[in-house]
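*Asks:* In the order they appear, the protein sequences are chains X and E.
The opening position of the first sequence corresponds to residue 1 in UniProt numbering, with each subsequent residue numbered one higher.
The opening position of the second sequence corresponds to residue 1 in UniProt numbering, with each subsequent residue numbered one higher.
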Amino acid sequence: MSKDVANKNIKLARTLLLVAVAMFGFGYALVPLYDVLCEWKWIERDRPDDIKKVPEVAYQIDRNREVTVEFMTTLNESTPMKFRAEKKQLKVHPGEYYTVNFYAENKTDNAMVARAIPSFSPAVISSYFEKIECFCFSEQTFKAKEAKIMPMRFVINPALPEQYKTITLSYTFFDNTEKSVKK
Amino acid sequence: MSAVVAEHDHHDHGPAKGLLRWIITTNHKDIGTLYLLFALAMFFVGGAMAMVIRAELFEPGLQFVDPAFFNSMTTMHALVMVFGAVMPAFVGLANWMIPMMIGAPDMALPRMNNMSFWLLVAGVLLLASTLLMEGGAPASGWTLYPPLVLQTGKALPFAIFSVHLLGISSIMGAINIIATIFNMRAPAMTLMKMPMFVWTWLITAFLLIAIMPVFAGAVTMLLTDKFFQTSFFDAAGGGDPVLYQHIFWFFGHPEVYVMILPTFGVASTIIPVFARKPLFGYSSMVYATAAIAFLSFIVWAHHMFTVGMPIAGELYFMYATMLIAIPTGVKVFNWTATMWKGSMTFETPMLFSIAFVVLFTMGGFTGLMMAIAPVDFQYHDTYFIVAHFHYTLVPASIFILMAAGYFWLPKWTGHMYNEKIGQLHFWLSAISVNILFFPQHFLGLAGMPRRIPDYAIQFADWNMISSIGGFIFGASQLLFLYIVVDTIRGGTGEKVTAEVWEDASKHSLEWTLSSPPPYHSFTTPPTSIPTEHI
Ligand SMILES: [Cu+2]
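1) Find the residues of chain X that neighbour H246 of chain E, judging by a C-beta separation of less than 9 Å, and give them in chain order.
2) Would you say G46 of chain E lies against chain X (beta-carbon separation less than 8 Å)?
3) Distance, Cα to Cα, I181 of chain E vs Q458 of chain E?
4) Can you name the residues that DSSP bridges to H415 of chain E?
5) Suppose contacts are defined by Cβ-Cβ distances below 8 Å. Is A20 of chain X in contact with P213 of chain E by that definition?
6) Report the residues of the region 91-111 of chain E with a CB closer than 8 Å to any CB of chain X, ordered along the chain.
7) Would you decide whether M81 of chain E is buried or exposed? Buried here means 16 or more other CB atoms lie within 10 Å of its CB.
8) Hey, how far is the Cα of L513 of chain E from the Cα of L393 of chain E?
9) Jot down the residue ranges of each uninterrupted alpha helix (DSSP H) in the region 81-107 of chain E, minimum 4 residues, whole runs only, in chain order.
10) Following the continuous beta strand (DSSP E) through T289 of chain E, name the residue where it begins and the one where it ends.
11) Please report whether the beta-carbon of D46 of chain X lies at a distance below 8 Å from any beta-carbon of chain E.
12) Can you find a CB in chain X that lies within less than 8 Å of the CB of G217 of chain E?
13) Only counting the same chain, and skipping five residues up and downstream in sequence, which positions put a Cβ closer than 7 Å to that of K226 of chain E?
14) Assuming M318 of chain E contacts L368 of chain E under a Cβ cut-off of 8 Å, what Cβ separation, rounded to an integer in Å, is found between them?
15) Are at least three pairs of beta-carbons, each pair with one atom in the region 264-274 of chain E and one in the region 235-253 of chain E, less than 8 Å apart?
16) Using C-beta distances below 6 Å, list every residue in its chain close to R54 of chain E, excluding the 5 sequence neighbours before and after it, in chain order.
17) Quick check on this structure: which residue in E:G342, E:G84, E:A41 and E:T492 has the alpha carbon closest to the alpha carbon of I421 of chain E?
18) Mapping DSSP to helix, strand and coil, what is Q140 of chain X?
19) Tell me, please, whether the region 88-97 of chain E touches the region 32-43 of chain E by the rule of three or more beta-carbon pairs shorter than 8 Å.
20) Answer yes or no: does any C-beta atom of chain X fall closer than 8 Å to that of V214 of chain E?
21) Below 8 Å, can you find three or more Cβ-Cβ pairs linking the region 244-259 of chain E to the region 344-352 of chain E?
22) Could you compute how far the alpha carbon of D175 of chain X sits from the alpha carbon of E146 of chain X?
23) Is V330 of chain E close to ligand 1? I mean its beta-carbon at under 7 Å from any heavy atom of the ligand.
24) Less than 7 Å separating the Cβ of H303 of chain E from some heavy atom of ligand 1?
25) Rounding to the nearest angstrom, what Cα-Cα distance links S129 of chain E and F158 of chain E in this structure?
26) Counting along the chain, where does the beta strand (DSSP E) carrying R153 of chain X start and finish?
27) I'd like to confirm something about H246 of chain E: is its beta-carbon nearer than 7 Å to some heavy atom of ligand 1, or not?
28) Given this structure, state the Cα-to-Cα distance separating V100 of chain X from A144 of chain X, to the nearest angstrom.
29) Does DSSP classify V67 of chain X as helix, strand or coil?
30) Take V121 of chain E and list the residues in its own chain whose beta-carbon comes closer than 7 Å to its own, dropping the five residues that flank it on each side.
31) May I ask you to list, following chain order, the residues of the region 108-122 of chain X that have a beta carbon less than 7 Å from some beta carbon of chain E?
32) Assuming P241 of chain E is part of the alpha helix (DSSP H), what are its boundary residues?
33) Heavy atom of ligand 2 less than 7 Å from the Cβ of V86 of chain E, yes or no?
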């Protein structure tokens, strides 16, 4: 191989290596990109971004409509807790404010940090389900054997399209104790 | 006082002596041989895992292995076949054939070439070692979806490092192939005269450089989620496991084309030789390959129709996926048109190639069925998808690799293989592969989920038939092993000519070299380029 060709080869190899490194970066860039794309208004959001607190505003209450809200409570893997909602379901009018209590208990003899993550079905209604108060806004700390009653206050925006008559709100509690200790 | 013997430094020296030759070699043929033999060995390792799977599924109930090990087998079978067998086999072919096809003496970066082979070996050994670890090998499926994969025992970091090694090895291989094709061609070998195998590998190499780093990034995120408290995919920390699926399939869909594009290249090389006609529509083949490669980047979420996507997304990914049928159809019609009114003969490489055209088309059509988002809800994660991708891999990539073996073994060794045993191998494989995979379509449509060690009894009959096909197929491959060993050791004893197959030297440059070819392929670039392949 002549010197000339050898140099050309090494130059090209370097360029291609740079492309590979850039693509490694691109993989990481997909993380923020994913969040941005999920925020776009024209995409009917499937990923509920409902950990946001919304200020309480007065809506026109729509007494003619009734929507059934179902509550589901789940524990991730073997999170050592008890967790349930005070009612399985609630019939609500769009525009009216309601408070539902959730009951959670730490079954262990140690302090625990846990996080509740909400999820909606059908996913699109997450943007009409506004929370004024929720235990899911932040991590919850439990003392050993501590039990808590946690209120969740919400309203369904009257702009909710007519076809949605039943919606399901599911909460999953994750045990974050280990992670928060390491942090 | 010692006498210093000044040796004349000449370029056409032969290989180093002894075993060390194979460790330190930088010769493209030696490295090609290493890749091919390693891939063949891994084909049997991955195949043995498939036999465990089919034995367990022979009857309903748990017979031989516990469910966790069964899941490790499905995962490891896939990883070994994809990263240990099919990809290295095509890299081996590239090493052997590309310099000879473009009139070059060797690969562009010979030392990197050696390193990428040994990194591959290290990666695969590391992956295999996870089988012996506490908690067993990864059992989450080859897609390594979180949160399931994060429940892997001690093996998780090792499996992830092994993916890193395999990724680095493939990227280095790809860089080498691109540099060889761009810088080492004989002056008369213009881009649009390159054999299709070279073209398809050029495009595949670009795919590899684009996607392997993304996969490496995804598994690195898994690693930091597990051990360094990041939350890329952990819902409790604000992450999203669905994000992993997006990143994985951004890699995963082009990855399946990494395995199929060189397959197309070899088929486009073999069919014209035995049809004794030029390849029909050479330039459309080049453009179709490029089109498939481009489309492969914008269709990934067709693997995720059921995870929850906006309707607009489902529709977009559905139509974009269907578009791929157009360039792929161009290829299938071109191969058929190449055979049309040709003076065909049916030696073993041609038989495997024809079976490839027929059976790959079937695999393509089931792919089209699954591209339809609403019906994919029925097929998703059932044996229907298992049948689909095995049709596009076994009677396609594997058959074409077999065809390539039969086609070029006489060139590589200078000996003729035993045609009778070759034909027997073909017919046993072609029949049993259908007994093996065709019933899996029915199982999938009837609702049998994939990756389960036990199943409801209504699935028993077709599973038994599928397993019988699997055992015949597995056993038949030993014939290929026999052929390879026998041909290396002298084969039929018949002396083969430089062009081996009638008029092959009109199709491509490698047939103008002696059989076996000299250690360094073209020390002076050839001036006339065969153009029958165009
Ligand atoms: Cu795909």
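From the three backbone atoms N, C-alpha and C, an ideal C-beta is built for every residue, glycine too.
Since this is a predicted model, take the numbers as computed values, not measurements.
*Replies:* Checking against the coordinates, here is how it stands:
1) Working through the second sequence from its first residue, we reach residue 246 of chain E at position 246. Those within 9 Å of H246 of chain E in chain X are L30 and Y34.
2) For the purposes of this step, residue 46 of chain E is taken as the residue at position 46 of the second sequence. Not one chain X Cβ lies under 8 Å of G46 of chain E.
3) For the purposes of this step, residue 181 of chain E is taken as residue 181 along the second sequence, with counting starting at 1. For the purposes of this step, residue 458 of chain E is taken as residue 458 along the second sequence, with counting starting at 1. I181 of chain E and Q458 of chain E: Cα-Cα distance of roughly 54 Å.
4) To locate residue 415 of chain E, count along the second sequence from 1; it is residue 415. E:K495.
5) For the purposes of this step, residue 20 of chain X is taken as the residue at position 20 of the first sequence. For the purposes of this step, residue 213 of chain E is taken as the residue at position 213 of the second sequence. Going by C-beta atoms, A20 of chain X is nearer than 8 Å to P213 of chain E.
6) Flagged, chain order: P105, D106, A108 and L109.
7) Within the second sequence, the letter at position 81 stands for residue 81 of chain E. Residue burial is scored here from C-beta neighbours: M81 of chain E has at least 16 other C-beta atoms within 10 angstroms and is therefore classed as buried.
8) The count along the second sequence starts at 1 and reaches residue 513 of chain E at position 513. The count along the second sequence starts at 1 and reaches residue 393 of chain E at position 393. Cα to Cα, L513 of chain E sits roughly 32 Å from L393 of chain E.
9) 87-102
10) For the purposes of this step, residue 289 of chain E is taken as residue 289 along the second sequence, with counting starting at 1. Here T289 of chain E belongs to no beta strand (DSSP E); instead the alpha helix (DSSP H) covers Y282 to L295.
11) For the purposes of this step, residue 46 of chain X is identified with residue 46 of the first sequence, where counting begins at 1. With a pLDDT of only 43 at D46 of chain X, under the threshold of 50, the placement of this residue in the model should not be trusted; the figure read from the coordinates follows. Cβ-Cβ to chain E under 8 Å: yes for D46 of chain X.
12) Position 217 of the second sequence, counted from the start, is the residue given in the question as residue 217 of chain E. Closer than 8 Å: yes.
13) Residue numbering aside, residue 226 of chain E sits at position 226 when the second sequence is read from its first letter. Closer than 7 Å at the Cβ level, and outside the excluded window around K226 of chain E, lie L150 and L156.
14) In the second sequence, the residue the question calls residue 318 of chain E occupies position 318. In the second sequence, the residue the question calls residue 368 of chain E occupies position 368. That pair is no contact at about 11 Å.
15) no
16) The sequence position of residue 54 of chain E within the second sequence is 54, counting from 1. Once the five neighbours on either side are set aside, the close Cβ partners of R54 of chain E are S467 and G470.
17) Numbered from 1 along the second sequence, position 421 holds the residue referred to as residue 421 of chain E. Looking from the CA of I421 of chain E, the closest CA among E:G342, E:G84, E:A41 and E:T492 belongs to E:T492.
18) Here residue 140 of chain X refers to the residue found at position 140 of the first sequence. Note: Q140 of chain X maps to strand in three-state DSSP.
19) yes
20) As a first step, residue 214 of chain E is located in the second sequence; it is residue number 214 there, counting from the start. True, the Cβ-Cβ gap to chain X drops below 8 Å.
21) no
22) For this step, residue 175 of chain X is matched to residue 175 along the first sequence. For this step, residue 146 of chain X is matched to residue 146 along the first sequence. Rounded to the nearest angstrom, the two C-alpha atoms are 15 Å apart.
23) Taking the second sequence and counting its residues from 1, one reaches residue 330 of chain E at position 330. False, no ligand heavy atom lies under 7 Å from that Cβ.
24) For the purposes of this step, residue 303 of chain E is taken as the residue at position 303 of the second sequence. Yes, Cβ of H303 of chain E sits closer than 7 Å to a heavy atom of ligand 1.
25) Taking the second sequence and counting its residues from 1, one reaches residue 129 of chain E at position 129. Taking the second sequence and counting its residues from 1, one reaches residue 158 of chain E at position 158. Each residue's alpha carbon lies about 8 Å from the other.
26) Working through the first sequence from its first residue, we reach residue 153 of chain X at position 153. Note, R153 of chain X: beta strand (DSSP E), A147 to I156.
27) Residue mapping note: residue 246 of chain E aligns to position 246 of the second sequence, counting from 1. For ligand 1, not one heavy atom lies less than 7 Å from the Cβ of H246 of chain E.
28) Residue mapping note: residue 100 of chain X aligns to position 100 of the first sequence, counting from 1. Residue mapping note: residue 144 of chain X aligns to position 144 of the first sequence, counting from 1. Their backbone Cα atoms lie some 25 Å apart in a straight line.
29) Here the question's residue 67 of chain X lines up with position 67 in the first sequence. V67 of chain X: strand per DSSP, three-state reduction.
30) Translated into the one-based positions of the second sequence, residue 121 of chain E becomes position 121. Same-chain partners within the cutoff: F38.
31) R115 and I117
32) By 1-based counting over the second sequence, the position of residue 241 of chain E is 241. Segment P241 to A275, the alpha helix (DSSP H) holding P241 of chain E.
33) Absent from the structure shown: ligand 2. Ligands present: ligand 1.
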